[in-house]
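> Chains as they are written, first to last, in the numbering used here: chain A, 1 to 383; chain B, 384 to 766.
Cβ atoms here follow ideal geometry from the backbone N, Cα and C, with glycine treated the same way.
Attaching a single structure in structure tokens format; questions to follow.
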């Protein structure tokens, strides 16, 4: 034996059931082991706190809209190190409730005290779904976005917080979110295909050797092993900070979320079709890239004085720790200027782990010559 | 946000309690998420099946001791791909029960069928602690060894199987196990110290920048961040296949286990003192290495015809996937021929995850000159 003693996937053994947002029942302990525990490390907090695009957006959103905070009550969902709660207090909040499920809550409490805000910021260790506040709040602030926005399913907790604790005229920070999709070129497609081929070649050697030396025929595993490796190398999305010139066609929006009104049902399924024109000459369509942006606009009754945007789009200078999620085609396809792609996308939560996603792409290509490429489909996993 | 949605540590939220071998109650779902799921991947099975030292030892143990298997009933604890169960059947077993907790059981069943042994080998999907067999068995075979033998705490399941299902005159495969410890030299000590220094330098920059740009003083986290990083870089044991010439003093045995009689209490604490002489000239004592061997000797009443040994000691040509566990000292100490080390070792299970270990070393050095170095202690984590 010998393994990592660290999870590499979810478990479907539900024991203590909690609402997993419409999916199968979720074991809280398993969810903690698989998900939350990462956030209990300061190293991981530092990574997020070092993302200047992320930090600048939230910082400006708060300090350029002090009217939303001055004398108000604020709830920070998943406060982590406590940074957003502290900024809210520095911007003049009367009271800030900072909820955190992991032991990081203890560090957040120390940070609040070191910054002399312990009379304003109250750190509460517990999961948002279980916490009771003494009052409703004027503002909910949260940095809940995962890869391609919805991975981690943390927005569920924000919705729960909003429905229970936000005043009717309260505002959400951020107030809006959008998911984007675009066709891309990437050298990773060749590399991953070559990695996959290598692991399969190696498998055949292994089957031969096991038969020769140990008298057992393992060839029955060839298909499931190939499926497992195909999923790993070819069907799992990749983290990448793309250069903008790798985007070969117009990006399209596949989901818009109003954080004030969205329900869990709204985000369980993401289904959209977009049409995009290739604007690069003679290039390779290697796959899709997905990213998101969020906006801080306040609400209709209570708008922002200064609207702020946080985007994770491909950028030469302003990459984020979210990067983009890349879904590669094998093999890539030759395309050229004015070829049109019609892309159908459907994203759902994984059955085994409600914080992970499965995504289907359907694509038709209408070449500028008039020729049509029959539709093709690809399935990917956001792990 | 954004994280791995994969565990990087255990959880202490026990919901469904099972016997965790004398430690705190264990949540089965959490244990599955943290531990078992790795074994559900064929890629991981292939890694173990490609370890020639491991494979040769078990293969020879079975086929050079067919008298233990011919016409007998066998239980394979944690069969994985099913290899040991299949060999047992090929060596003439009348019936083999092959127990596996993960979905790998389904693959094992296919492999058994593809090798036409389905009338002899019965694959049972379930955890050993929960399984009921229709009869007691003559042989228990299992490959239960983790890094430094006891990591993963899988021997608990073997003990459980033995106490419930082994006939009074039954035999254990393997029958004996030993843990070894030796002083080593290693260039990794410098590298890890430099990695640690780098991460701490970077931290101070981060604290300055966060204060300058975002008005929050993070210096309160300097101590806990340093502790966290020290644990990660300097106090976590490393996997390494050492060259034999990196062993600078005699190796000593710190634990001997008779698999037929050992109890969980016997393996919960490993405490020993060994004395070792440095046999290298003018070298650096960079830390300790731990490894194990197991033996296939049958039992007193029913001995092996051919005793087989599986060792994971440092070897130029016969490295294993277990390698050795390396515990580095910072800084290393200069030592020379005939200097004597008295090493006290104490290993326990981690409170947070009963499959991980904590280990304390105490060391005194009696230089060949007669000079004594006062004792020093170091704590490490086997993660």
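Quick one, which residues of the stretch 37 to 50 of chain A are near chain B if we go by CB-CB under 9 Å, in chain order?
Hits within the stretch, in order: 37, 38, 39, 40, 41, 42, 43, 44, 45, 46, 47, 48, 49 and 50.
> Kindly provide the ranges of any beta strand (DSSP E) runs that are 3 or more residues long and lie completely inside the stretch 462 to 514 of chain B, ordered along the chain.
Taking only runs of at least 3 residues, the beta strand (DSSP E) segments lying wholly in the stretch 462 to 514 of chain B are 478 to 483 and 504 to 508.
> I believe residue 533 (chain B) touches residue 650 (chain B) by the beta-carbon criterion, under 8 Å. Please report the beta-carbon distance rounded to the nearest angstrom.
Reading the second chain from its first residue, position 150 is the one you call residue 533 (chain B). Reading the second chain from its first residue, position 267 is the one you call residue 650 (chain B). Rounded, the Cβ-Cβ distance is 6 Å, consistent with contact.
> Beta-carbon separation of residue 462 (chain B) and residue 419 (chain B) under 8 Å?
Here residue 462 (chain B) refers to the residue found at position 79 when the second chain is read from its first residue. Here residue 419 (chain B) refers to the residue found at position 36 when the second chain is read from its first residue. Not a contact, by the Cβ cut-off of 8 Å.
> Does DSSP put residue 644 (chain B) in a helix, a strand or coil?
Indexing the second chain from 1 puts residue 644 (chain B) at position 261. Looking at residue 644 (chain B) - three-state DSSP - the assignment turns out to be coil, as it is neither helix nor strand.
> To the nearest angstrom, how far is it from the Cα of residue 77 (chain A) to the Cα of residue 748 (chain B)?
Counted from its first residue, the first chain places residue 77 (chain A) at position 77. Counted from its first residue, the second chain places residue 748 (chain B) at position 365. Near 54 Å, if we compare the C-alpha coordinates of residue 748 (chain B) and residue 77 (chain A).
> Below 8 Å between beta carbons: does that hold for residue 782 (chain B) and residue 694 (chain B)?
Residue 782 (chain B) is absent from the structure shown; chain B starts at 384 and stops at 766.
> Can residue 672 (chain B) and residue 679 (chain B) be called in contact, C-beta distance under 8 Å?
On the second chain, residue 672 (chain B) is found 289 positions in, with the first residue counted as 1. On the second chain, residue 679 (chain B) is found 296 positions in, with the first residue counted as 1. No; because the gap between Cβ atoms is not below 8 Å, this pair is not in contact.
> Taking Cβ to Cβ, would you say residue 631 (chain B) is nearer than 8 Å to residue 675 (chain B)?
Translated into the one-based positions of the second chain, residue 631 (chain B) becomes position 248. Translated into the one-based positions of the second chain, residue 675 (chain B) becomes position 292. Cβ distance not < 8 Å, so residue 631 (chain B) and residue 675 (chain B) don't count as in contact.
> Given that a residue counts as buried once 16 or more other Cβ atoms are within 10 Å of its Cβ, and exposed if not, what is residue 31 (chain A)?
Here residue 31 (chain A) refers to the residue found at position 31 of the first chain. Buried, since its Cβ has 16 or more Cβ neighbours within 10 Å.
> Whose Cβ in chain A lies nearer than 7 Å to the Cβ of residue 607 (chain B)?
One-based indexing of the second chain puts residue 607 (chain B) at position 224. Simply 42 and 107.
> Alpha carbon to alpha carbon, how far is residue 599 (chain B) from residue 701 (chain B)?
Taking the second chain and counting its residues from 1, the one referred to as residue 599 (chain B) is at position 216. Taking the second chain and counting its residues from 1, the one referred to as residue 701 (chain B) is at position 318. Rounded to the nearest angstrom, the two C-alpha atoms are 54 Å apart.
> For residue 623 (chain B), list the residues DSSP reports as bridge partners.
Against the second chain, residue 623 (chain B) aligns to sequence position 240. Paired residue(s): B:707.
> Starting from the Cα of residue 706 (chain B), find the closest Cα among B:514, B:530 and B:435 and give me that residue.
In the second chain, residue 706 (chain B) corresponds to position 323, counting from 1. With distances taken between Cα atoms, residue 706 (chain B) lies closest to B:530.
> Do we get a CB-CB distance below 8 Å when we pair residue 741 (chain B) with the residues of chain A?
Residue numbering aside, residue 741 (chain B) sits at position 358 when the second chain is read from its first letter. Taking Cβ atoms only, chain A never reaches closer than 8 Å to residue 741 (chain B), which makes this a no.
> For chain A, find out if any of its Cβ atoms is closer than 8 Å to the Cβ of residue 603 (chain B); answer yes or no.
The sequence position of residue 603 (chain B) within the second chain is 220, counting from 1. So yes, residue 603 (chain B) belongs to the interface.
> Answer yes or no: do residue 276 (chain A) and residue 341 (chain A) have a C-beta to C-beta separation smaller than 8 Å?
Indexing the first chain from 1 puts residue 276 (chain A) at position 276. Indexing the first chain from 1 puts residue 341 (chain A) at position 341. Yes, these two residues count as a Cβ contact at 8 Å.
> For residue 624 (chain B), which residues from the same chain have a beta carbon less than 6 Å from its beta carbon, with the 5 sequence-adjacent residues on both sides left out?
On the second chain, residue 624 (chain B) is found 241 positions in, with the first residue counted as 1. The answer, listed in chain order, is 702 and 706.
> When the Cβ atoms of the stretch 570 to 586 of chain B are set against those of the stretch 544 to 551 of chain B, are three or more pairs found closer than 8 Å?
Verdict: no, contact absent.
> So with CB distances below 7 Å, who are the chain A contacts of residue 597 (chain B)?
Residue 597 (chain B) sits at position 214 when you count from the first residue of the second chain. The answer, in chain order, is 55 and 59.
> Assuming residue 464 (chain B) and residue 501 (chain B) make a contact with CB atoms under 8 Å, what is their CB distance in whole Å?
On the second chain, residue 464 (chain B) is found 81 positions in, with the first residue counted as 1. On the second chain, residue 501 (chain B) is found 118 positions in, with the first residue counted as 1. About 15 Å separates the two Cβ atoms, so there is no contact after all.
> To the nearest angstrom, how far is it from the Cα of residue 383 (chain A) to the Cα of residue 690 (chain B)?
Position 383 of the first chain, counted from the start, is the residue given in the question as residue 383 (chain A). Position 307 of the second chain, counted from the start, is the residue given in the question as residue 690 (chain B). In a straight line, the C-alpha of residue 383 (chain A) is about 46 Å away from that of residue 690 (chain B).
> Checking 8 Å against the spacing of the C-beta atoms, do residue 229 (chain A) and residue 210 (chain A) come in under that value?
Within the first chain, numbered from 1, the residue matching residue 229 (chain A) stands at position 229. Within the first chain, numbered from 1, the residue matching residue 210 (chain A) stands at position 210. Going by C-beta atoms, residue 229 (chain A) is not nearer than 8 Å to residue 210 (chain A).
> Could you tell me which uninterrupted alpha helix (DSSP H) segments, each at least 4 residues in length, are contained entirely in the stretch 566 to 596 of chain B, listed from first to last along the chain?
DSSP runs (the alpha helix (DSSP H)) wholly in the stretch 566 to 596 of chain B: none.
> Going along the chain, which residues of its own chain have a beta-carbon closer than 6 Å to the beta-carbon of residue 742 (chain B), five neighbours each way excluded?
Against the second chain, residue 742 (chain B) aligns to sequence position 359. 730 and 763, listed in sequence order.
> Quick one: grab the DSSP three-state call for residue 21 (chain A).
The residue given as residue 21 (chain A) occupies position 21 in the first chain. Note on residue 21 (chain A): pLDDT 40, under 50, position unreliable in the model; no value is reported.
> Using a 10 Å radius around the Cβ and a threshold of 16 neighbouring Cβ atoms, would you call residue 86 (chain A) buried or exposed?
The count along the first chain starts at 1 and reaches residue 86 (chain A) at position 86. So residue 86 (chain A) counts as buried.
> Where residue 128 (chain A) and residue 511 (chain B) are concerned, what is the direct C-alpha to C-alpha distance, given to the nearest angstrom?
The residue given as residue 128 (chain A) occupies position 128 in the first chain. The residue given as residue 511 (chain B) occupies position 128 in the second chain. Looking at the two C-alpha atoms, the distance is approximately 37 Å.
> Mind listing the chain A neighbours of residue 691 (chain B)? Cutoff is C-beta to C-beta under 9 Å, in chain order.
Sequence index remark: in the second chain, residue 691 (chain B) carries index 308 (1-based). Near residue 691 (chain B) there are no residues of chain A at all, since even the closest Cβ is about 15 Å away, more than 9 Å.
> Pull out every residue of the stretch 127 to 140 of chain A whose Cβ sits closer than 8 Å to any Cβ of chain B, in chain order.
From the stretch 127 to 140 of chain A, no residue has a Cβ closer than 8 Å to chain B.
> Shorter than 8 Å from the beta carbon of residue 15 (chain A) to some beta carbon of chain B?
Position 15 of the first chain, counting from 1, holds the residue named residue 15 (chain A). Because the pLDDT at residue 15 (chain A) is just 29, under 50, the model does not fix this residue reliably, and the value given afterwards should be weighed accordingly. Yes, because at least one Cβ of chain B sits closer than 8 Å to the Cβ of residue 15 (chain A).
> Sorted by chain position, which residues of the same chain lie with C-beta nearer than 8 Å to residue 716 (chain B)'s C-beta, five sequence neighbours on each side aside?
Here residue 716 (chain B) refers to the residue found at position 333 when the second chain is read from its first residue. Counting only Cβ-Cβ distances below 8 Å, and skipping sequence neighbours, we find 667, 668, 748 and 756.
> So is residue 656 (chain B) buried or exposed if we call it buried at 16+ other beta carbons inside 10 Å?
The residue labelled residue 656 (chain B) in the question sits at position 273 within the second chain. The residue is exposed, with fewer than 16 neighbouring Cβ atoms inside 10 Å.
> Would residue 622 (chain B) be called buried (16 or more neighbouring beta carbons within 10 Å of its own) or exposed?
Position 239 of the second chain, counted from the first residue, corresponds to residue 622 (chain B). Exposed, by the Cβ-count rule.
> Please confirm whether residue 29 (chain A) has its beta-carbon closer than 8 Å to some beta-carbon of chain B.
For the purposes of this step, residue 29 (chain A) is identified with residue 29 of the first chain, where counting begins at 1. By this cut-off, residue 29 (chain A) is an interface position.
> Along the chain, where does the alpha helix (DSSP H) containing residue 606 (chain B) start, and where does it finish?
Position 223 of the second chain, counted from the first residue, corresponds to residue 606 (chain B). Looking at the DSSP string, the run of the alpha helix (DSSP H) that includes residue 606 (chain B) is 605 to 617.
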